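Down below is the structure, laid out as C-alpha cells.
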Amino acid sequence: MQVSSRQRQFDALVRAHNGDLYRYAYWLCGDAALAQDLTQETFLRAWRSLDALRETDAAKAWLITILRREHARLYERKSFDTTDIGELDLDDRDSLSPEQLGEDSLVRAAMLQLEPKYREPLLLQVLGGFSCEEIARELGLGAAAVMTQLFRARQKLKHLLGAGRGEASA
Amino acid sequence: MNCLDYRRQLGADPRRETPEMQEHRRGCAGCAAHQARSLGFELALKRSLQVAVPDGLAERILLAQATGERGTRTRRRRRWGWLAAAAVLVAALGVGLQQLQLFAPLARQLVVHLQHEPEALLTHVPLPVAEIERPFAQRGVVLAAPLPAGISYAQPCPVGTMGSVHMVMPEPEGPVTVFFLPTHRERRGDYVDQGMHVRAVPMGTGTLALVAADTRHFDALEAGWRYSLEGTAATAAGAP
Numbered sequence: 000m001q002v003s004s005r006q007r008q009f010d011a012l013v014r015a016h017n018g019d020l021y022r023y024a025y026w027l028c029g030d031a032a033l034a035q036d037l038t039q040e041t042f043l044r045a046w047r048s049l050d051a052l053r054e055t056d057a058a059k060a061w062l063i064t065i066l067r068r069e070h071a072r073l074y075e076r077k078s079f080d081t082t083d084i085g086e087l088d089l090d091d092r093d094s095l096s097p098e099q100l101g102e103d104s105l106v107r108a109a110m111l112q113l114e115p116k117y118r119e120p121l122l123l124q125v126l127g128g129f130s131c132e133e134i135a136r137e138l139g140l141g142a143a144a145v146m147t148q149l150f151r152a153r154q155k156l157k158h159l160l161g162a163g164r165g166e167a168s169a
Numbered sequence: 000m001n002c003l004d005y006r007r008q009l010g011a012d013p014r015r016e017t018p019e020m021q022e023h024r025r026g027c028a029g030c031a032a033h034q035a036r037s038l039g040f041e042l043a044l045k046r047s048l049q050v051a052v053p054d055g056l057a058e059r060i061l062l063a064q065a066t067g068e069r070g071t072r073t074r075r076r077r078r079w080g081w082l083a084a085a086a087v088l089v090a091a092l093g094v095g096l097q098q099l100q101l102f103a104p105l106a107r108q109l110v111v112h113l114q115h116e117p118e119a120l121l122t123h124v125p126l127p128v129a130e131i132e133r134p135f136a137q138r139g140v141v142l143a144a145p146l147p148a149g150i151s152y153a154q155p156c157p158v159g160t161m162g163s164v165h166m167v168m169p170e171p172e173g174p175v176t177v178f179f180l181p182t183h184r185e186r187r188g189d190y191v192d193q194g195m196h197v198r199a200v201p202m203g204t205g206t207l208a209l210v211a212a213d214t215r216h217f218d219a220l221e222a223g224w225r226y227s228l229e230g231t232a233a234t235a236a237g238a239p
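Residue numbers (numbering that gives the first Met the number 0), protein chains in the order written: chain A, 0 to 169; chain B, 0 to 239.
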C-alpha cells in the first residue's frame with residue numbers, strides 16, 4: 000500500500016516529538032496514564048489539521064500549543080488527584096549516583112508543588128527549549144512578565160528544595 | 000550592568016547569557032560563582048524532568064491514528080454509499096414519475112389513468128345516486144344540483160398528483176369517461192392523446208375533463224355537469 004506524503008510527515012512528527020510532548024504532558028498533569036492520553040490526543044488533533052503546519056521548525060511549538068489546549072479542556076471537565084512521587088519513572092536511572100537519585104526525587108517533588116503559572120513557563124523553557132519571547136507568545140503574555148515568572152519559578156523551586164532537604168536531613 | 004541585574008536575568012534564563020552579562024560575570028567573582036551554581040541547578044532540573052517515555056508510545060499513537068483514519072474512510076465510503084443509493088433512488092423515482100406521467104400534460108395523465116383502470120369501462124349499469132355522491136363528498140365537493148343520469152362508475156382516484164372523482168357515462172357510441180378534479184384549475188382546451196379526445200373545462204372549484212373516442216356528446220355533457228357542479232345551465236362554450 001502506498002503511503003501518502005501526509006502520512007509520512009505525520010509519522011516523522013510523532014517519532015520526533017512524542018518524547019518531548021509526553022514529558023511536557025506529564026509535568027503538566029502529574030499523571031503518567033493521563034499524559035499518554037494527552038499526548039495521543041494531541042497527535043490525533045495534529046493529524047486532523049496537519050495542513051496547517053507549514054514549517055518544520057514550528058512543529059514543536061505547534062504541538063505544544065495543541066497539547067496545552069487539550070490539557071485545559073481536560074481541566075474543564077475534571078480535576079485530578081495529586082501524583083504519588085513514587086510512581087515517577089525516569090530515564091537512565093542506572094547511570095545515576097544515589098545522591099543524584101535523591102536530588103532528582105526532591106526536585107520532582109518540588110516541581111509538582113510549584114503553582115501552574117510558574118511551572119508551565121519553566122517547563123516550556125527547560126523541556127521545550129523555548130526562549131522567553133517564544134514562551135511569551137505561547138502563553139499570551141509579555142516577555143517581561145515571562146522573565147519575572149521564570150525568575151520567581153526558580154526562586155520558589157530552590158526555596159521548596161531547601162525545605163525538602165531540611166526535612167530529608169531531619 | 001550590576002550584580003542584581005545580572006542575577007535577575009540569569010534567574011530568568013540561565014542558558015542564555017548576553018554579551019553584557021558575560022562582561023559582568025568576567026569581572027565579578029561572586030556572579031561567576033552564582034552562575035556556576037545556577038548551571039548546576041539547571042542540570043539537575045533538566046535531568047529530573049526527563050521522565051521515561053512509555054515503551055511503544057509512538058507506535059500506539061500511529062496505530063490510533065491509522066485506526067481512526069480507516070474508520071473515517073469507512074464512514075466516508077458509507078456516506079458516499081448513501082449518496083449513491085440516494086442518487087439511484089432519485090433516478091428511479093424520476094423514471095417512475097415519468098412512467099406514471101405525474102407531471103405530464105393533463106390530457107396525457109387522464110389517458111394514462113384510463114389505461115391503468117380498464118375495468119371502469121366494463122359495466123353499463125347506472126349506479127345508485129348515493130354511490131356517486133360518496134366520492135364527491137370524500138373529495139370535499141358540494142354538488143349544486145342533481146347529478147347527470149346514467150353514471151356507471153364512480154371512484155375517488157388520484158390522477159398524477161391530483162385528486163379526482165373518476166366516472167364513466169355509457170353512451171350509444173361508446174363510454175365517456177368523466178373526471179372532476181376539484182382542486183386543479185386547468186385552462187379550457189380540447190386535446191387528442193393516443194387516439195382519445197380530451198376536453199378540459201374549468202368548472203366549480205376545479206376542472207371537469209371528458210375523455211372519449213368520440214366527441215359528439217361532449218357539449219351536452221359539459222352543460223349537464225356545469226349544472227350539477229355550479230347550479231347553472233349555461234351553454235357550453237363552443238357549443239352550437
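Cβ coordinates follow ideal geometry from the N, Cα and C atoms, glycine included. Here the structure is a predicted model, which is why all the values come from computation and not from measurement.
From the DSSP secondary-structure annotation, give me the bridge partner or partners of Gln-154 of chain B.
Note: Gln-154 of chain B sits in a beta bridge opposite B:His-165.
Looking only at DSSP bridge pairs, what is Ala-211 of chain B linked to?
Answer by DSSP bridge pairing, in chain order: B:His-196.
Under three-state DSSP, which class holds Asp-88 of chain A?
With a pLDDT of 49 at Asp-88 of chain A, under the threshold of 50, the predicted position of this residue should be treated as unreliable, and no value is reported.
Grouping DSSP H, G and I as helix and E and B as strand, with all else coil, what is Leu-109 of chain B?
Looking at Leu-109 of chain B - three-state DSSP - the assignment turns out to be helix.
Assign Gln-114 of chain B to buried or exposed, taking buried as 16 or more other Cβ atoms, counted over all protein chains shown, within 10 Å of its Cβ.
Gln-114 of chain B is exposed by the Cβ-count criterion.
In chain A, what lies closer than 8 Å to Pro-53 of chain B by C-beta?
Result: Tyr-21, Ala-31, Gln-35.
Ignoring anything shorter than 4 residues or poking outside the region 1-35 of chain A, list the alpha helix (DSSP H) runs there in chain order.
Those alpha helix (DSSP H) runs which fall completely within the region 1-35 of chain A and span 4+ residues are 4-28.
Go ahead and pull the three-state DSSP assignment for Leu-220 of chain B.
Correct three-state label for Leu-220 of chain B: helix.
Answer with yes or no whether the minimum CB distance from Gln-64 of chain B to chain A is below 7 Å.
Chain A contact via Cβ: present.
Asp-4 of chain B CB to nearest chain A CB: under 7 Å?
By this cut-off, Asp-4 of chain B is not an interface position.
With distances taken between CB atoms, is the gap from Val-167 of chain B to Ser-151 of chain B smaller than 7 Å?
Contact: yes.
Using 10 angstroms around the beta-carbon of Asp-54 of chain B, count the other beta-carbons present and answer buried if the total reaches 16, otherwise exposed.
Exposed, by the Cβ-count rule.
When you compare the region 14-32 of chain A with the region 111-124 of chain A, are there three or more beta-carbon pairs, one atom per stretch, that lie closer than 8 Å?
As far as the Cβ criterion goes, the region 14-32 of chain A touches the region 111-124 of chain A, which means the pair count is three or higher.
With the cut-off set at 7 Å, would you say Leu-109 of chain B and Val-191 of chain B are in Cβ contact?
No, Cβ-Cβ distance for Leu-109 of chain B and Val-191 of chain B is not below 7 Å.
Using a Cβ-Cβ cut-off of 6 Å (strictly less than) and excluding sequence neighbours within five positions of Gln-193 of chain B, which residues of its own chain qualify?
For Gln-193 of chain B, where only same-chain residues beyond five positions count, the Cβ hits under 6 Å are Val-110.
Under 7 Å between beta-carbons, which chain B residues line up against Phe-129 of chain A? List them in chain order, please.
Under the 7 Å cutoff, chain B gives no residues; its nearest Cβ is about 10 Å from Phe-129 of chain A.
For Leu-109 of chain B, would you say it is in contact with chain A, using Cβ-to-Cβ distances shorter than 7 Å as the test?
No, because no Cβ of chain A sits closer than 7 Å to the Cβ of Leu-109 of chain B.
Taking C-beta pairs closer than 9 Å, name the residues in chain B that Leu-126 of chain A reaches, listed in chain order.
Lys-45, Leu-48, Gln-49, listed in chain order.
Grouping DSSP H, G and I as helix and E and B as strand, with all else coil, what is Val-177 of chain B?
If DSSP states are grouped into helix, strand and coil, Val-177 of chain B belongs with the strands.
If you measure from the beta carbon of His-158 of chain A to each beta carbon in chain B, is any gap under 7 Å?
Output row for His-158 of chain A: interface = no.
On the DSSP bridge assignment, give the partners of Pro-201 of chain B in chain order.
Pro-201 of chain B pairs with B:Thr-206.
What three-state label does DSSP hand Asp-80 of chain A in the structure shown?
With a pLDDT of 43 at Asp-80 of chain A, under the threshold of 50, the modelled position of that residue is not reliable, and no figure is offered here.
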